[in-house]
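Start counting the sequence shown at 0; every next residue gets the next number (numbering that gives the first Met the number 0). Think of the CB as a built atom: it goes at the ideal place given N, C-alpha and C, for glycine as much as any other residue. These figures come from a predicted structure and were not determined experimentally. These notes concern the structure reproduced below.
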Amino acid sequence: MKKILFASTALVAASMMHAGAAEAADKIKLDVGGFSKWWVVGAWQSSAFSGATASGTPAGNNVVTPTNGSGQRANVDVKGDNEIWFSGNTTLDNGLKVGVFVSMEAGGHSDLTTDVIDASYAWIEGGFGKVIGGTAPNGTALIHVQAPDAANGTVGASQIGNNFTIIKPTSVMGMNQIVGWSTSSNTTAIVTDDKAEKLTYVAPSFYGLTLGASYIPNVTRQDVRTTPLARAEAFGGGALYANTFGPVGVKASAGYVWVDLSAAGNLGVTNFTQAAFGTQLSYAGFTLGGSYQRARQDNSQGGVNGLSNTVIAATSTTVLSGTVNLSATKGGVALDFGGDAYDVGLQYATGPYAISVGYFHSGVNGIMNPTLTNGGKQDTIDLYQASGKYNLGPGVDALATVGYIDYKDQRKGLMGVSDSAYENSGWAAMTGLSLTF
0 MKKILFASTA LVAASMMHAG AAEAADKIKL DVGGFSKWWV VGAWQSSAFS
50 GATASGTPAG NNVVTPTNGS GQRANVDVKG DNEIWFSGNT TLDNGLKVGV
100 FVSMEAGGHS DLTTDVIDAS YAWIEGGFGK VIGGTAPNGT ALIHVQAPDA
150 ANGTVGASQI GNNFTIIKPT SVMGMNQIVG WSTSSNTTAI VTDDKAEKLT
200 YVAPSFYGLT LGASYIPNVT RQDVRTTPLA RAEAFGGGAL YANTFGPVGV
250 KASAGYVWVD LSAAGNLGVT NFTQAAFGTQ LSYAGFTLGG SYQRARQDNS
300 QGGVNGLSNT VIAATSTTVL SGTVNLSATK GGVALDFGGD AYDVGLQYAT
350 GPYAISVGYF HSGVNGIMNP TLTNGGKQDT IDLYQASGKY NLGPGVDALA
400 TVGYIDYKDQ RKGLMGVSDS AYENSGWAAM TGLSLTF
């Protein structure tokens, strides 16, 4: 996994100036790689949610009700996740290495309504470290340590954890609600900037410690060539420590991202911060790990326009634009976003086998009007998951995952006849193949 540290362009320029004339011995030649994962999925979710009408609202409050199940859903589906990677690098005569990486969506969950290129970046590496420029994940996400999962890497990376099997009510907010996405990934990694263009720097590791950070000119941008309407720049930094002490392996990470929203017309919200921590301990085939994320907004004017207890009209361009798409989930309500998420998991691997169990939880605030909240509760997501993997040969793994997920809107109990539309839960079981090349 790539590790990151922020450096100014001046540092990179200085390193290149002292390196002398540079000319590649050979042009970059691209290698092809990637993965193909296909699952046969069984899903059984709440019949009450599937048949809910979502037509009731508390009197006097303009609240958008969530999308309901719209009838009973099929119990069996085939789902995929596929990418093709193009990468290459060359070494210049002065010793500097330069390279490129492009990943392309190759079917499965891609709907082809957005750019089929998932990520694209170039990099330069020397004694000063490594600089990455492009649409890569931010530095804190790349170094983040999470609870392990045998079949999916992390608990939230499964089809269940990505909300692709059991329907998430649109009004239930997750910790990483991406603007323009109909869903949000259930992860403690800081990924709310998605893959907006950025600069990232990797420092050379020192006794197992790697420091890193990214500069993101605008968190709302992704493959956008026009100038953004409002400034929403972000800075992120973090650290990863990985080492072994005899038979014991240790990994620990910490990251922090600060987003400046003072110029984005966000109704008094001046900045948004996220902090994430994670650790893993491994011994004799066992790996125990967990992680945590905390997200908070700062209302310097005492709340949204100073009206912390008043229902107001809000749109997706005025409430934490580019960081979390809250207005699309709660409608015309003043919002006070903050939340916490954590995961924990245990994995055992021996020979070609690996098995794991894990749990993820998130709790998110979202409504500043006390008449719309249910006793100070939060929107919550709870995921329980068990997974297994068996290696059939080089690059070929058989996978299996079973899990249960529960979504709850904090307004459940206040919506009258449509109450069942604000909660959904269900089981999912899946098996499939993972091919890497």
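- Cα atoms of isoleucine 142 and glutamine 273: separation of roughly 15 Å, rounded to the nearest angstrom.
- For alanine 146, there is no enclosing alpha helix (DSSP H), as DSSP gives it neither H nor E.
- Among the bridge pairs identified by DSSP, phenylalanine 359 is matched with Asp342, Leu382.
- Take valine 190, set aside five residues on each side of it, and the residues of its chain with a beta-carbon closer than 7 Å to its own are Pro136, Ala140, Asn175, Ser184, in chain order.
- Excluding the 5 residues flanking it on each side, aspartate 117 has same chain C-beta neighbours closer than 7 Å at Glu82, Ser102, Met103, Glu104, in chain order.
- Aspartate 192 counts as buried, since no fewer than 16 other beta carbons sit within 10 angstroms of its beta carbon.
- Boundaries for alanine 253: no alpha helix (DSSP H) harbours it, while the beta strand (DSSP E) harbouring it runs 247 to 259, taken from the DSSP string.
- Considered as a whole, the stretch 75 to 140 harbours 75 to 90, 96 to 104, 116 to 125, 128 to 133 as its complete beta strand (DSSP E) runs of no fewer than 3 residues, in chain order.
- Annotation for phenylalanine 48: the continuous alpha helix (DSSP H) segment containing it runs 46 to 49.
- If you check the CB distance, serine 46 and valine 144 do not come in under 9 Å.
- Contact annotation: glycine 133 and serine 119 have beta-carbon atoms nearer than 9 Å.
- Glycine 402 is not a Cβ neighbour of isoleucine 354, given a cutoff of 9 Å.
- For asparagine 88, same chain residues with a beta-carbon under 7 Å away, outside a window of 5 residues either side, are Ile27, Lys96, Val97, Gly98 in chain order.
- About 6 Å separates the Cβ atoms of glycine 128 and tyrosine 200, confirming a contact at the 8 Å cut-off.
- Membership of glutamate 422 in the beta strand (DSSP E) is indicated by the continuous run 422 to 435.
- Inter-residue distance for lysine 197 and alanine 231 is about 13 Å (C-alpha atoms, whole angstroms).
- Here the alpha carbon of glycine 431 sits roughly 15 Å from the alpha carbon of tyrosine 352.
- Serine 252 is not a Cβ neighbour of glycine 235, given a cutoff of 9 Å.
- Of the residues Val31, Gly106, Ile159, the one whose Cα lies closest to the Cα of tyrosine 358 is Ile159.
- Taking the CA atoms as reference points, aspartate 76 sits about 27 Å from aspartate 342.
- It is roughly 12 Å from the alpha-carbon of glycine 338 to the alpha-carbon of phenylalanine 271.
- Contact between serine 281 and glycine 248 holds, with the beta-carbon distance rounding to 4 Å and staying under 8 Å.
- Alanine 42 sits in a strand when the DSSP states are folded into three classes.
- DSSP links arginine 230 through a beta bridge to no other residue.
- Rounded to whole angstroms, tryptophan 122 and phenylalanine 100 show a C-alpha spacing of 8 Å.
- Beyond the five residues adjoining it in sequence on each side, lysine 376 comes within less than 6 Å, by CB distance, of Gln409 in the same chain, given in chain order.
- Exclusion of the five residues before and after threonine 379 leaves Gly362, Lys407 as the residues of its chain whose Cβ lies within less than 6 Å of its Cβ.
- Put simply, of Trp38, Val258, Ala188 the residue whose alpha carbon is nearest the alpha carbon of proline 216 is Val258.
- Looking at Ser157, Phe34, Ala149, Tyr206, the one whose alpha-carbon comes closest to that of phenylalanine 285 is Ala149.
- Residue environment for leucine 260: buried (at least 16 other C-beta atoms within 10 angstroms of its C-beta).
- At least 9 Å separates the beta-carbon of alanine 275 from that of alanine 202.
- For the options Val218, Ile166, Tyr214, Asn242, the alpha carbon positioned closest to that of leucine 208 is the one of Asn242.
- Note on phenylalanine 436: under 16 other CB atoms within 10 angstroms of its CB, so exposed under the neighbour-count rule.
- Per the DSSP secondary-structure output, threonine 219 pairs with nothing in a beta bridge.
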